[in-house]
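Protein chains: 2
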Amino acid sequence: MIGAVEAGGTKIVCAVGTSPDNLVEERFPTTTPEETIGRIRSFFEAQQKDRGEKLNAIGIGTFGPADIDPASATFGRITTTPKEGWQNADFAGPLRDAFQVPVAFDTDVNAAAVGEGKWGAAKGLSDYIYITIGTGIGGGVVSGGNVVHGRMHPEIGHLLIPHDRAADPFAGSCPYHGDCLEGLASGPAIGKRWNVDGAHLLPDDHEAWTLQAEYLALACVNLTVSLSPQCIILGGGVMEQTQLFPMIEERVTRVLNGYLEAPAIVPPGLGNKAGILGAFALAASS
Amino acid sequence: MIGAVEAGGTKIVCAVGTSPDNLVEERFPTTTPEETIGRIRSFFEAQQKDRGEKLNAIGIGTFGPADIDPASATFGRITTTPKEGWQNADFAGPLRDAFQVPVAFDTDVNAAAVGEGKWGAAKGLSDYIYITIGTGIGGGVVSGGNVVHGRMHPEIGHLLIPHDRAADPFAGSCPYHGDCLEGLASGPAIGKRWNVDGAHLLPDDHEAWTLQAEYLALACVNLTVSLSPQCIILGGGVMEQTQLFPMIEERVTRVLNGYLEAPAIVPPGLGNKAGILGAFALAASS
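Respectively, the protein sequence lines represent chains F and H. If you read the first sequence in numbering that gives the first Met the number 0, its first letter stands for residue 0, the second for the next number, and so on. If you read the second sequence in numbering that gives the first Met the number 0, its first letter stands for residue 0, the second for the next number, and so on.
This is the structure we're talking about:
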C-alpha cells in the first residue's frame, strides 16, 4: 500500500492505494508547512486505520525549489521558494518519522513526467519534457530514460525567451526575473497583462492566446535545441485552452525553420492525474 | 591502435595512437566530402603502414547536424547542414568499409564533452555542458553521466535569447534563425556586427565583448534552468578572449538573481585538444 502526495503551491492532493486504478484521494489547500504536513499525516493515518494495513512507501511530488538529492544532508526540504513559511521547510522528514517507511521525494513536475512516461502521453519514450502552465510554470525533463536532476533540478519556468516590448509592453510578473517564461506566460501573468481576474475569463479567440502560443513556442524551441526531445507535454490550467496546441506546433515548426524537426507537442495523457500518479510511481519504484 | 577524427566545418584534425599521450596528428581544411574523407583515409593508411599495425577502432566527432543514432538506417551521415556538398554525405560508412573496424560517430561537441569529462575540466562531474564558440556555436550536454542525444542531438547554438534591438540593432547572421545565439555571438556574427575581418581584431576592452558576455550569459542561464549543470565549459576561438569568463559569470549570477545557484563557467581543461581527445575516447569506449 502506497501513499502519494502531489504538493502544489496552492493545493495538495493525497492518495492511498495499491495500484494506480484504486487510489482514494483527498484534496486541501496548501497552507503552512505544519498544518499542511499534519493534514497529509492525518489522511494517511485514517487510511491505514480504515484498511487495517500499513503504508509500505510514500512518494512526494512537490513544488520547488526543493532538495531532491538523496545524498544531501538537507534532502527532503523545500529550499528558496518565494512561498511564505516554506523556506527550508522539511517535507519528507516528518512523514518518514511518522510512518517509518521510505519516502521518495522529487519535484511535482518530475513526478508528473515519470507518471506520463509510465502510463500517459510519453509511454515508451526515452526523451521528453512535461511542462505545467498554471499559477507558475515548471517542467520535468526525461533524457535517455532518466529524469534529469543535475546539480538540483531544472527550473524550466525561468527560461528566457525573446520578448518584443513593442508588441507586448508587459514587463513580466516574475519576482526574480521579470519577463522570463513564467513572468510572461503563467496564468497570473496573462491575468495581469490583460487586466482580468483569471486567464480563463478571456474568450477563446482573444489576442492573448496568439501571444501565449508565441511564448510557449519559443520556450519549446529552446528546449528542443537543448534536449532534442521526442515529445513535449503541455499541461496545467492554462493548457485547458486546447486551441493553443495547433498554434504552438505551427510556430515551433516555423521558428525551427527546417533546421531541426519539431517534437510532438501534446496534452498530458493522464490529464490532471499526472502529478498524483507520478508521486505514486516514485514511491512504487523506491 | 585507434584512429580519431575531429571534423569541424572549416578544418579536420586526424590522429592515430594507442593512448591520449602518444597521438600523431595531421590537420587539413574541410573541403568536399570525397576529398576530405579521402585525406583522412590516406593518413590512417600511412600510419598503419609506418607502424606495421592495424587500427582497432575509429572515432569521429563531427560538425552537424548528423545522424548519430546507431539504430538508424542513415547512421554515420551528415544531414541538413548548410555546408555545401555535405548534405546527406556518408561520413562513417566509407571509413568503416575501408578499415573494417567499428566506427564511433558522434557530434564534435559531444566528443569534446566526453573528452572533457574523462580528462579535462569536467573530470568526475555527472552534469555539465561543453560549448564551443567559433565559426559556429555548438554544445554537447552530459546529464547524469550520459551524453544527451534525444531524438537526434542538441543544437545549442540555436538557442533563442532576449535580443534588445535598441541596444544592438544587428539582425543576426544565422541563415535559419537570424538572431539565435549563433546568429548573435559566433565569430562571424561579431565580425559582421562590428565590421571587422575577425573578432580577434577587436581590442580587449571593445564594447563588443560586453555584448558578447551578455549573450553568452543569457545562453548559460537558459541551459542552467533547463539542465541544472554543475559546470559549463566554454571553448572555441572566441573564448580565447579570456576576459569574457569573469564577465559571463557575473552576469549569469545577476540574471539568475538568487533563484538558482550559477554553475561554474570555465575554459576547457584540454584546451584545443578537447575535440580530438574526445573522438579518441569515443572510439576507445566503442
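Even for Gly, the Cβ is constructed at its ideal location relative to N, Cα and C. The structure displayed is predicted, hence computed values, not measured ones.
Test item: CB-CB of residue i and residue j under 8 Å
i	j	result
residue 286 of chain F	residue 90 of chain F	A question about residue 286 of chain F goes unanswered here, because the residues of chain F that appear run from 0 up to 285.
residue 111 of chain H	residue 139 of chain H	yes
residue 56 of chain F	residue 278 of chain F	no
residue 106 of chain H	residue 60 of chain H	yes
residue 157 of chain F	residue 180 of chain F	yes
residue 115 of chain H	residue 259 of chain H	no
residue 129 of chain H	residue 108 of chain H	yes
residue 147 of chain H	residue 113 of chain H	no
residue 88 of chain F	residue 28 of chain F	no
residue 250 of chain F	residue 213 of chain F	yes
residue 294 of chain F	residue 273 of chain F	Only positions 0 to 285 of chain F appear in this structure, which leaves residue 294 of chain F out of reach.
residue 229 of chain F	residue 262 of chain F	yes
residue 227 of chain H	residue 150 of chain F	yes
residue 127 of chain F	residue 231 of chain F	yes
residue 221 of chain F	residue 159 of chain H	yes
residue 208 of chain H	residue 243 of chain H	yes
residue 203 of chain H	residue 240 of chain H	yes
residue 52 of chain H	residue 0 of chain H	yes
Residue i: contacting residues in chain H (beta-carbon distance under 7 Å)
i	result
residue 126 of chain F	149 and 150
residue 220 of chain F	159
residue 217 of chain F	159
Nearest-angstrom Cβ-Cβ length linking residue i and residue j, presumed shorter than 8 Å
i	j	result
residue 98 of chain F	residue 43 of chain F	7 Å
residue 225 of chain H	residue 225 of chain F	5 Å
residue 39 of chain F	residue 4 of chain F	6 Å
residue 200 of chain H	residue 247 of chain H	Incorrect: roughly 21 Å between the Cβ atoms, too far for contact.
residue 69 of chain H	residue 79 of chain H	Residue 69 of chain H to residue 79 of chain H, Cβ: 20 Å. No contact.
residue 6 of chain F	residue 62 of chain F	6 Å
Within chain F, the residues that residue i reaches when beta carbons sit closer than 7 Å
i	result
residue 224 of chain H	153, 154, 155, 157 and 158
residue 205 of chain H	Per Cβ cutoff of 7 Å: no residues; residue 205 of chain H is ~25 Å from chain F at best.
Under 8 Å by beta carbon: chain F residues contacting residue i
i	result
residue 229 of chain H	149 and 150
residue 256 of chain H	175 and 176
Close beta carbons around residue i, own chain, < 6 Å, minus the five adjacent residues each side
i	result
residue 117 of chain F	280
residue 169 of chain H	192
residue 233 of chain F	130
residue 94 of chain F	57 and 102
residue 275 of chain H	3, 5, 12 and 14
Residues that residue i contacts on chain H, provided the C-beta gap is smaller than 8 Å
i	result
residue 262 of chain F	150
residue 71 of chain F	Correct list: empty, because the minimum Cβ distance to chain H is about 13 Å.
residue 134 of chain F	Within 8 Å Cβ-Cβ: nothing; residue 134 of chain F doesn't reach chain H, min ~16 Å.
Contacting residues, own chain, Cβ-Cβ under 7 Å from residue i (five flanking each side not counted)
i	result
residue 144 of chain H	125
residue 235 of chain F	131, 132 and 133
residue 73 of chain F	66
residue 210 of chain F	167
residue 174 of chain H	81
residue 85 of chain F	32 and 77
residue 219 of chain F	231, 247, 251 and 264
residue 46 of chain F	15 and 23
residue 92 of chain F	75
residue 195 of chain H	201
Sequence-distant residues of its chain with Cβ nearer than 8 Å to residue i (five each side left out)
i	result
residue 26 of chain H	10, 11, 12 and 13
residue 171 of chain H	162, 177, 178, 179, 182, 183 and 188
residue 71 of chain H	none
residue 24 of chain H	12, 13, 14 and 275
Proximal chain F residues relative to residue i, where beta-carbon distance stays under 9 Å
i	result
residue 109 of chain H	Under the 9 Å cutoff, chain F gives no residues; its nearest Cβ is about 11 Å from residue 109 of chain H.
Chain-ordered chain H contacts of residue i [CB-CB under 9 Å]
i	result
residue 79 of chain F	257, 258 and 259
residue 142 of chain F	140, 142, 143, 145, 147, 148, 149 and 226
Chain C contact residues for residue i, given Cβ-Cβ distances below 9 Å
i	result
residue 199 of chain F	The structure shown contains no chain C; the protein chains it does contain are F and H.
Secondary structure, beta strand (DSSP E): runs of 3+ residues fully inside the stretch 198-284 of chain F: 230-234 and 263-265
Starting from the N-terminal side, write out each stretch of the beta strand (DSSP E) that is 3 residues or longer and does not extend beyond the stretch 83-118 of chain H. 102-106
Continuous beta strand (DSSP E) assignments of at least 3 residues falling wholly in the stretch 12-80 of chain F: 23-28 and 56-61
Of all the alpha helix (DSSP H) runs that stay within the bounds of the stretch 136-200 of chain H, which reach a length of 4 or more residues? 180-184 and 186-193
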